[in-house]
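This report refers to the structure that appears directly beneath it.
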Amino acid sequence: MTSTAAELVATLEELDVEYVFGYPGGRVIELFEHLPESDVDVIRPRDEREASVMAETYGRLTGRPGVLTGQGPWIGSLGAIGQMEARLASSPMVVLTEASERGEYSTLAPYQQARGDYGGLSLPDILDGVTEEWWFPRTPTETLRSTQLAFKHAVAGRPGPTAVILDGDAITDEVPADPTPPAWDATEQTRTWDARPTAEDVAAAVETLEDAERPVLIAGNGVHAAQAYDELEAVAAGYDCAVVTSYLGKSTYPETDERAAGVIGSFGHEGANRVVSEADALLVVGCRLNPMDTNWQAPDFIRPEEQTIVHADVDTRNAGWVYPADVGLIGDAKESLAALAEAGGAENDWALERAAEAREWFTTPECRDDSSPIKPQRAAKEIQRVVDDETIVTADSGNNRFWLLYYLQTPAVRTYFGSGGVGGMGWAQPAAVSAALSTGKDVISVAGDGGFSMTMNSVETAVEYGVAPTFVVLNDTSLGMVRQMQTEDGDIAGVEFHDTDFVKIAEGFGAVGRRIIDPDALADALEEGKAADRPHVLDVRIDREEDMADRLASSFYESVGGLHE
Numbered sequence: 382m383t384s385t386a387a388e389l390v391a392t393l394e395e396l397d398v399e400y401v402f403g404y405p406g407g408r409v410i411e412l413f414e415h416l417p418e419s420d421v422d423v424i425r426p427r428d429e430r431e432a433s434v435m436a437e438t439y440g441r442l443t444g445r446p447g448v449l450t451g452q453g454p455w456i457g458s459l460g461a462i463g464q465m466e467a468r469l470a471s472s473p474m475v476v477l478t479e480a481s482e483r484g485e486y487s488t489l490a491p492y493q494q495a496r497g498d499y500g501g502l503s504l505p506d507i508l509d510g511v512t513e514e515w516w517f518p519r520t521p522t523e524t525l526r527s528t529q530l531a532f533k534h535a536v537a538g539r540p541g542p543t544a545v546i547l548d549g550d551a552i553t554d555e556v557p558a559d560p561t562p563p564a565w566d567a568t569e570q571t572r573t574w575d576a577r578p579t580a581e582d583v584a585a586a587v588e589t590l591e592d593a594e595r596p597v598l599i600a601g602n603g604v605h606a607a608q609a610y611d612e613l614e615a616v617a618a619g620y621d622c623a624v625v626t627s628y629l630g631k632s633t634y635p636e637t638d639e640r641a642a643g644v645i646g647s648f649g650h651e652g653a654n655r656v657v658s659e660a661d662a663l664l665v666v667g668c669r670l671n672p673m674d675t676n677w678q679a680p681d682f683i684r685p686e687e688q689t690i691v692h693a694d695v696d697t698r699n700a701g702w703v704y705p706a707d708v709g710l711i712g713d714a715k716e717s718l719a720a721l722a723e724a725g726g727a728e729n730d731w732a733l734e735r736a737a738e739a740r741e742w743f744t745t746p747e748c749r750d751d752s753s754p755i756k757p758q759r760a761a762k763e764i765q766r767v768v769d770d771e772t773i774v775t776a777d778s779g780n781n782r783f784w785l786l787y788y789l790q791t792p793a794v795r796t797y798f799g800s801g802g803v804g805g806m807g808w809a810q811p812a813a814v815s816a817a818l819s820t821g822k823d824v825i826s827v828a829g830d831g832g833f834s835m836t837m838n839s840v841e842t843a844v845e846y847g848v849a850p851t852f853v854v855l856n857d858t859s860l861g862m863v864r865q866m867q868t869e870d871g872d873i874a875g876v877e878f879h880d881t882d883f884v885k886i887a888e889g890f891g892a893v894g895r896r897i898i899d900p901d902a903l904a905d906a907l908e909e910g911k912a913a914d915r916p917h918v919l920d921v922r923i924d925r926e927e928d929m930a931d932r933l934a935s936s937f938y939e940s941v942g943g944l945h946e
């Protein structure tokens, strides 16, 4: 017989887990004692926040659960950021944590106890509000079975985070040889099957798309989750659709393609919003149509009384959630799109012309501006120049991601991922390290100086684990998005920062640091960073007077109607 901890690590090996992202502490130390003997690599960043984002990003990029582990109180606090992002961005994730209890002392309010009894913290309550499912097993066999179910539920249906709270001595007790009920083979227990829409619903959707004169395809994060890129392209071409995306759906379709019209919503392009408004049929795939995606439901944006809506989603609750749908395609996005591509097709002259007009919103005169400090639009275009199909951009929260959303045209699928589930600042840096580890591709992280400061320890993690992302800091020495909400200077507290020397910080971590004040120098620095085998931190001084809010489309449909006429 072997200990639960040893069997748990063997389970991770059987399930082909590549990495465990985490921090040793509490009762998970028992896991860390066995991990060196396994084929599972441990990635230990500087804290649980970074580990949680790295696990979430791994799940988002690979479609396999990213594994986060650490001591309960810190997984439930610092580590909640990545779990919340995973929940709202549909990223598969398994959390292996513990309640920090100590045997017979658990009812006596011991130090760090998180079992939920009187006198302690309640980690189960915390995880219940964040994860899709959680388990608190009390025996060795339950622990193994719960871990298997956590991996299964993390990818079944709509992906998301699940958690197992390791309990006291159960993690060190020996696993019985022939328990009742048994724990099954891990591979068999975690098997899942993709759902697919009914033939009747597919036929109704095909009829809608074939009859449409102005069909538009709205691609969301569900396309990323299913990696249904080829199927999306086949449907767009087969039915002659213009293609727009949600924010989280950006790079599900190349934005340089002739059918691409850009990102929709209150933070999207007005050109893309106009295309949606003019459509007579909408095929919505893997997008819940949340308020930001729908321009806060402006009356002239999506109009179910005038437009026919086909809504494809893995979760039947999401189809027709925000707007009534005429047809629901319930199933994995890859299965639904493949069924549509095989079942029909149509031609029209509208999509290519309107998409071409919409793509003009990706460029403004500021994108070619040579002034210093650097226009953020120009910075976005310089980043775009070094992005190819083997490059991934991770975008943080705040103005920086909106500059990218507006002016970085993704040239291929899976080239852009952003913090847009819960949208926490500080996501881009650990996400970049995880992306570099899990894909082997070139990675460019983009954040403001506020978000970069939150997780700049990720630069040191990159150095330690031998990957070399380029960390771009769009630096306006402030919380730019909040600062620009001021009606006059100084009427919102806490928006200004002192000027931090990120170059010295980068060098202290063992990376290369450069301060960039000239746009031509930025172009060279990006090329050098991408080609290097050491992380580069580029402190890019941007023009803080460029107001992102001026470009947001949120007010457009509040003041202008009749675009569909």
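Numbering (the working numbering), first residue to last: 382 to 946. No residue lacks a Cβ here, since even glycine has one placed at the ideal position from N, Cα and C.
DSSP beta-bridge partners of residue i
i: residue 626; result: 600 and 644
i: residue 515; result: 544
i: residue 923; result: 755
i: residue 422; result: 400
i: residue 797; result: 774
i: residue 947; result: For the chain, the structure presents residues 382 to 946; residue 947 sits outside this window and is missing.
i: residue 917; result: 851 and 893
i: residue 384; result: 555
i: residue 447; result: 474
i: residue 496; result: 503
i: residue 823; result: 772
i: residue 437; result: None; residue 437 has no bridge partner.
i: residue 479; result: 547
i: residue 458; result: Paired residue(s): none; residue 458 is not in a bridge.
i: residue 877; result: 859
Cut-off 6 Å between Cβ atoms - residues of its own chain near residue i, not counting five sequence neighbours on either side
i: residue 479; result: 407, 408, 409, 453 and 547
i: residue 531; result: 475, 543 and 545
i: residue 455; result: 429
i: residue 703; result: 670
i: residue 445; result: none
i: residue 413; result: 405
i: residue 552; result: 385, 386, 408 and 411
i: residue 925; result: 857
Spatial neighbours of residue i in its chain, beta-carbon cut-off 8 Å, leaving aside the 5 residues before and after
i: residue 462; result: 430, 433, 434, 803, 805, 807 and 808
i: residue 652; result: 642, 643, 738, 739, 740, 741 and 742
i: residue 555; result: 382, 383, 384, 385 and 521
i: residue 688; result: 660, 661, 662 and 663
Residues of its chain near residue i, where Cβ-Cβ distance is below 7 Å and the 5 sequence neighbours each way are ignored
i: residue 483; result: 491
i: residue 790; result: 636, 637, 743 and 765
i: residue 539; result: 471, 695 and 696
i: residue 640; result: 617, 622, 623, 624, 732, 733 and 736
i: residue 460; result: 429, 430, 432, 433, 449 and 451
Residue i burial status per 10 Å Cβ neighbour count (16 or more: buried)
i: residue 752; result: exposed
i: residue 557; result: exposed
i: residue 912; result: exposed
i: residue 874; result: exposed
i: residue 534; result: buried
i: residue 994; result: No answer is possible for residue 994: it lies beyond the span of the chain, which begins at 382 and ends at 946.
i: residue 879; result: exposed
i: residue 871; result: exposed
i: residue 392; result: buried
i: residue 715; result: buried
i: residue 938; result: Caution is warranted here: a pLDDT of 39 is assigned to residue 938, below 50, making its placement in the model unreliable, and no coordinate value can be reported.
i: residue 424; result: buried
i: residue 524; result: buried
i: residue 528; result: buried
i: residue 705; result: exposed
i: residue 784; result: buried
i: residue 614; result: buried
beta-carbon residue i near the ligand NAP non-hydrogen atom, thresh 7 Å
i: residue 425; result: Among the components modelled here there is no ligand, and therefore nothing to report on the ligand NAP.
Do the stretch 773 to 781 and the stretch 811 to 827 touch if we need at least three Cβ pairs shorter than 8 Å?
yes
Mind listing, in chain order, the continuous beta strand (DSSP E) runs of no fewer than 3 residues lying wholly within the stretch 690 to 756?
List check, beta strand (DSSP E) in window: 708 to 711.
Alpha helix (DSSP H) segments (min. 4 residues) lying fully within the stretch 641 to 688:
651 to 659
Tell me whether the stretch 745 to 759 and the stretch 691 to 702 touch, counting them as touching only if at least three CB pairs, one residue from each stretch, are closer than 8 Å.
No, the stretch 745 to 759 is not in contact with the stretch 691 to 702.
Does the stretch 670 to 677 come close enough to the stretch 627 to 646 to have 3 or more Cβ pairs within less than 8 Å?
As far as the Cβ criterion goes, the stretch 670 to 677 touches the stretch 627 to 646, which means the pair count is three or higher.
Write down every uninterrupted run of the alpha helix (DSSP H) in the stretch 886 to 913 whose length is 4 residues or greater and which is fully enclosed by it, in chain order.
900 to 912
For the stretch 578 to 587 against the stretch 512 to 532, are there 3 or more C-beta pairs whose distance is under 8 Å?
no
Given 8 Å, three or more beta-carbon pairs between the stretch 916 to 924 and the stretch 847 to 858:
yes
Cβ contact (3+ pairs, closer than 8 Å) linking the stretch 727 to 738 and the stretch 614 to 625
Short answer: they touch.
Within the chosen definition, does the stretch 862 to 870 reach the stretch 814 to 821 through at least 3 CB pairs nearer than 8 Å?
no
Stretch pair the stretch 589 to 608 + the stretch 565 to 574: three plus CB contacts closer than 8 Å:
Judged by Cβ distances under 8 Å, the stretch 589 to 608 makes no contact with the stretch 565 to 574, as fewer than three pairs qualify.
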